[in-house]
Structures are given as C-alpha cells and as structure tokens.
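According to the UniProt record's numbering, the stretch in the sequence shown is residues 1 to 459, in order.
Okay, so here's the structure we're looking at.
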Amino acid sequence: MTQSNEQNPNSVKRVLIVGGGFAGLNCARKLAANPNVRITLLDKNNYQQFQPLLYQVATAILGPGNIAFNLRGTLRSHPNVDVKMTEVVSIDLNTRTVDTAEGQHYEGDFLVLAAGSQANFFGTPGADEHSYPLYSLHDAERLRSRILAMLESADRDPSLVAKGALNFVIVGAGATGTEMAGAFGDMLQSSLKRGTRDKAYKNLAVDRGQILLVDGGHAVLSTFSPKAQTYAAKMLEERGVQIRLGTRVKEVGSGHVVLSDGTRISTHTVIWAGGLKAASLSDNLGVKTGHGGRIDVEADLTVPGLTGVYALGDFANIADKDGRPLPQLASVAEQSGKWSARNILSDIAGKPRDPFHYFDKGIMAMIGRNSAVAEVGEHRHELQGAIAFAAWLGVHAALLSSTRAKIEAFLEWAWDYFGGARGDAVLDRAEELQINWNDDGEERISAVSPASSQTDKTS
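Okay, structure coming up:
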C-alpha cells in the first residue's frame with residue numbers, strides 16, 4: 001500500500017478528469033457515488049466512443065450512433081458530475097490546473113489524466129497525410145466514406161481499377177487490423193459477389209478487389225496463441241485477404257504505397273492500424289514518458305513526484321503485478337479508471353492507496369461473419385469459430401452503455417449474420433470529388449463528415 005495524501009474528508013473535493021473514454025468515464029462514475037466530491041469531466045467531444053467497434057462503423061455493419069454515447073446522458077443521474085465539451089491546450093501538473101482553447105481555467109484538488117491515444121505513424125513518410133487511421137469515430141466515418149467512394153467510382157468507370165481504386169492496404173495485423181480485414185473481406189464479398197441480381201455493384205466483380213494486410217511481424221494477432229494465429233490467417237484468406245508478413249510500409253503516397261521489399265502498389269485507401277501513442281497532450285507535461293509517449297506511473301496509478309495526479313488507460317504506461325506493461329485494451333482502461341477513483345477516495349479519507357491489480361478476462365478478436373478467436377481468463381482457455389463468435393457478441397454487447405444500444409447492436413449483427421447487404425450506406429458525393437487519381441501527391445485526407453444510412457443516436 002502507498003501512503004495517502006492528507007485530506008479533510010468532510011470538505012468538498014474537486015476532481016478534474018481530462019478525457020471521457022473508458023478510463024475517465026469509469027473514474028467519474030465511481031467518484032460520483034461520494035456526494036462530497038465534485039467532478040469536472042473535460043473532453044473535446046460530448047460523447048464516449050466504443051473504440052473496439054470502430055471497424056464495424058467503417059465497414060457499414062453498425063452506424064455511428066450504435067457505438068457513441070452522449071456523456072451528459074450517461075452521467076445525468078450524477079448531479080455532482082459536470083461535463084464540459086472543450087479542448088484542453090495546457091496542463092500544470094504541480095498546481096493541478098487546466099486551460100482550454102476557449103480560455104477557460106479549471107482547478108482541482110485531484111487531476112486525472114485520461115486523454116487517450118492517437119495513431120503512431122513511426123515517422124513513415126506520407127502516412128500522416130495520406131492514410132486513414134482507425135482510432136476515433138471520425139476516423140471510422142471518414143474511412144467508410146472513402147471505401148464507398150472507391151466502390152462508386154470504380155462501378156461508374158471500371159478503368160479506375162487499374163489505378164488502384166479497388167486495392168486496399170491495411171497496415172498492422174494486430175487486433176484492429178485483423179478485425180478490419182475480416183469485416184472488410186465480408187463487405188466486399190457481400191457487395192461484389194452476391195448473385196447477379198442482388199449484388200450492390202453490378203459492374204464490379206469481387207476478384208477485381210484486393211485487400212492486403214501488411215505487418216512487420218511474423219504472425220497475425222501476435223498476442224494470441226499460434227493455434228489462434230493459424231485459424232485467423234485461414235479465415236482471412238477465405239475472405240480474399242492477402243497477408244504480407246515480415247514486411248513494413250516504407251512510404252505512403254496519394255495513390256500508392258511502397259513496401260520495405262521495394263514493392264510499389266497502386267492504392268488510394270491505406271488503412272493505418274499500425275500502433276498507438278499517447279494523445280499529444282503528453283508532449284509538454286514535463287514528466288517521464290515511456291513507450292509510445294505514455295506517462296510512466298507508480299503501482300497505485302499516481303504520477304511519480306506529484307501530489308494528487310493520476311494517469312490512466314492509453315495515456316499511461318501501466319504495469320501488471322509482475323512489472324510487465326499492460327496492453328492498450330478497453331478492459332485495462334476501464335479497470336484503471338475505477339481503481340484510480342478508489343485510490344482518490346482513499347486519499348480523501350486519509351487511508352493508504354492500493355497498487356493497481358488488473359483482472360485479466362482474456363482477449364478475443366472477430367475475424368468476420370461467424371468467425372472469431374478467444375482466449376478466456378488468465379489461463380487463456382481457447383475458443384474458435386462459432387462458439388468464439390457468440391462469446392464475442394455477448395461480451396461486446398454487454399460492454400455497450402445502454403439497453404437500447406445493446407438491442408440495436410444485436411439487431412444489426414443479426415441482419416449482417418443472415419446476409420444483409422452492406423453496400424447501401426449513404427455517401428456524400430463531395431468525398432468522391434476529392435480523389436486525386438493522378439497520384440501526384442496533391443490529395444489530402446478529406447475532412448468531410450459522411451452521411452450515414454443509420455440515424456446517429458445518443459443515450
């Protein structure tokens with residue numbers, strides 16, 4: 001146990017939380033049970049996104065409203081939680097103060113840093129300008145628009161296939177890249193390979209499209225068992241996904257990628273699932289950071305050398321009981337959020353803080369319709385196929401924030417499972433007009449928000 005900070009338990013304490021993701025939201029919820037705590041939650045969005053399902057928005061399985069939940073609605077039953085939609089631009093850790101882009105200034109007795117993560121391009125030339133990361137709701141919507149724009153363009157003018165319109169490159173074969181590849185393979189099969197009468201794009205054949213999954217490692221899903229890796233690779237190949245392992249992306253252009261082996265591929269859609277780093281707020285905090293720019297924390301989740309400052313989730317380097325770094329998973333963020341709240345309440349009560357103990361529930365990944373792998377519990381009991389797929393559905397539905405969201409997600413999954421078409425999502429033509437087919441480096445990723453065939457809902 002760690003000695004607490006001296007506090008008066010009868011006075012009202014102010015807690016500032018930067019970030020409304022899994023870590024920040026769960027911290028706020030647990031703290032809110034104490035009426036003597038006033039919580040201010042700051043986030044640049046007014047919603048929490050369910051990041052594990054972003055790829056399903058990108059591949060038109062789910063709509064944005066299925067995985068985004070209004071923070072005010074989620075926390076409305078807690079009168080001592082105040083949500084502010086604002087962008088934090090500077091933080092003083094010593095005084096536990098925060099300044100925003102709009103000029104507001106906030107102070108707290110405790111400061112919780114849960115600002116999340118962003119794509120890590122590892123200095124790859126052109127990747128920041130020309131690729132599509134998949135780490136936010138906005139990313140997922142832009143990617144879906146891009147995919148649809150490629151399909152619409154090639155259907156109207158098949159000569160664009162030779163310019164790479166139907167070549168899609170996914171960088172990174174971890175969980176995000178592998179799940180995206182599997183779902184995308186199903187999407188192309190559904191849109192291009194259905195019967196002549198009912199396929200979405202009448203002038204395109206599925207063999208004209210190419211999904212290439214590239215990774216510098218030697219296996220897909222490197223954190224899973226060899227058995228699960230073999231199964232995942234087989235399921236991807238059945239969906240037409242080509243896998244290139246031991247290969248890195250060396251350069252990304254507006255109409256091509258260059259691989260580390262010298263191969264040049266014409267493509268206008270590079271999906272970046274190659275890794276994460278801490279959100280840019282970590283750059284100027286003046287504290288020690290480790291892998292991925294994440295803040296190193298003590299065992300009790302406090303920032304070393306500072307009073308009343310915690311760092312959580314993807315924003316922190318959190319170690320397990322054996323000192324090994326924990327992965328950037330929603331379960332780690334959720335549990336660290338709850339644990340930090342517990343330690344803050346201990347601080348207020350004058351009790352010692354406890355070191356964080358992560359309960360490992362296991363890992364799972366969906367490889368496409370009716371295909372998944374799961375390793376359950378600390379002993380990693382392995383599941384594959386339909387059983388793992390059912391387990392995946394149950395676990396992810398349970399993690400959604402509301403009953404309404406669970407029901408809607410199950411309905412969408414059932415529609416997709418029984419072969420519902422996905423090629424009919426709505427696309428704003430403004431996205432298609434921005435495509436540069438000349439590959440001269442002029443194109444930049446569109447900031448146009450796509451239309452959706454499903455109403456954006458909050459709860």
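Note that beta-carbon positions come from the ideal geometry of N, C-alpha and C, so glycine has one too.
Owing to the predicted nature of the structure, the values given are computational and were not obtained by experimental measurement.
| query | result |
| --- | --- |
| Leaving out five residues before and five after alanine 273 in sequence, what residues of the same chain have Cβ atoms less than 7 Å from its Cβ? | Leu134, Ile170, Val171, Gly172, Gly174, Thr176, Gly177 and Met180 |
| Do you know offhand how far glutamate 378's Cα is from leucine 276's? | 24 Å |
| Could you give the DSSP three-state label for tyrosine 106: helix, strand or coil? | strand |
| When burial is assigned at 16 or more other CB atoms within 10 Å of the CB, is threonine 59 buried or exposed? | buried |
| Please classify aspartate 261 as buried or exposed, where buried requires at least 16 other C-beta atoms within 10 Å of its C-beta. | exposed |
| Closer than 8 Å by C-beta to valine 12: which residues in its own chain qualify, once you throw out the five before and the five after it? Chain order, please. | Asn36, Val37 and Arg38 |
| Out of Ile243, Thr263 and Leu41, which has the shortest C-alpha to C-alpha gap to glutamate 251? | Thr263 |
| Taking only three categories from DSSP, how would you classify tryptophan 437? | coil |
| Identify whether glutamate 378 lies in helix, strand or coil by the three-state DSSP scheme. | coil |
| Spatial neighbours of valine 81 within its chain, please: CB distance less than 7 Å, with the 5 preceding and 5 following residues excluded, ordered by chain position. | Ala28, Ala32, Ile39, Leu41 and Leu75 |
| In the structure shown, what three-state DSSP assignment does histidine 357 receive? | coil |
| Are the beta-carbon atoms of serine 282 and isoleucine 295 separated by less than 7 Å? | yes |
| Taking the beta strand (DSSP E) that phenylalanine 418 belongs to, which residues open and close that run? | Element bounds for phenylalanine 418: n/a, residue is neither H nor E. |
| Roughly how many angstroms separate the alpha carbons of arginine 72 and threonine 307, rounded to a whole number? | 29 Å |
| According to DSSP, is serine 191 helix, strand or coil? | helix |
| Just mark asparagine 94 as buried or exposed, buried being the case when its beta carbon has 16 or more other beta carbons within 10 Å. | exposed |
| Which residues mark the beginning and the end of the alpha helix (DSSP H) in which serine 90 is found? | Looking at the DSSP string, serine 90 is not in any alpha helix (DSSP H); the run it does join, the beta strand (DSSP E), is 88-92. |
| Would you report the Cα separation of alanine 119 and serine 254, rounded to the nearest angstrom? | 18 Å |
| Using 8 Å for Cβ pairs, my map puts phenylalanine 356 next to leucine 301. What's the rounded Cβ distance? | 5 Å |
| Just how far apart, CA to CA, sit leucine 113 and lysine 84? | 15 Å |
| Quick one, are the C-beta atoms of histidine 256 and aspartate 439 less than 7 Å apart? | yes |
| Label asparagine 26 either buried or exposed according to how many other C-beta atoms from any shown protein chain fall within 10 Å of its C-beta, with 16 as the threshold for buried. | buried |
| Within 10 Å of its beta-carbon, does arginine 324 have 16 or more other beta-carbons around it, so buried, or fewer, so exposed? | exposed |
| Quick one: grab the DSSP three-state call for glutamine 49. | strand |
| Are leucine 137 and proline 64 touching if we call contact CB-CB under 7 Å? | yes |
| What three-state label does DSSP hand histidine 78 in the structure shown? | coil |
| To which residues of the same chain is leucine 326 closer than 8 Å at the C-beta, ignoring the five residues directly before and after it? | Ile318, Ala319, Asp320, Val332 and Tyr358 |
| Give me the DSSP bridge partner(s) of valine 241. | Ile211 |
| Which same chain residues, not among the five before or five after glycine 20, have their C-beta less than 6 Å away from its C-beta? | Leu41, Asp43, Gln48 and Leu71 |
| Would you tell me roughly how many angstroms separate the C-alpha atoms of leucine 259 and leucine 54, rounded to the nearest one? | 26 Å |
| Taking the alpha-carbon positions, what's the leucine 148 to proline 158 distance? | 15 Å |
| Using beta-carbon positions only, say whether valine 214 and alanine 233 come within less than 7 Å of one another. | no |
| By how many angstroms is the C-alpha of alanine 162 removed from the C-alpha of glycine 362? | 43 Å |
| In the DSSP output, which residue or residues are listed as bridge partners for tryptophan 413? | Paired residue(s): none; tryptophan 413 is not in a bridge. |
| Please work out which residues of its chain come closer than 7 Å, Cβ to Cβ, to lysine 227, disregarding the five sequence neighbours upstream and downstream, and give them in chain order. | Glu382 |
| Taking 7 Å as the threshold (C-beta atoms), are alanine 278 and serine 117 in contact? | yes |
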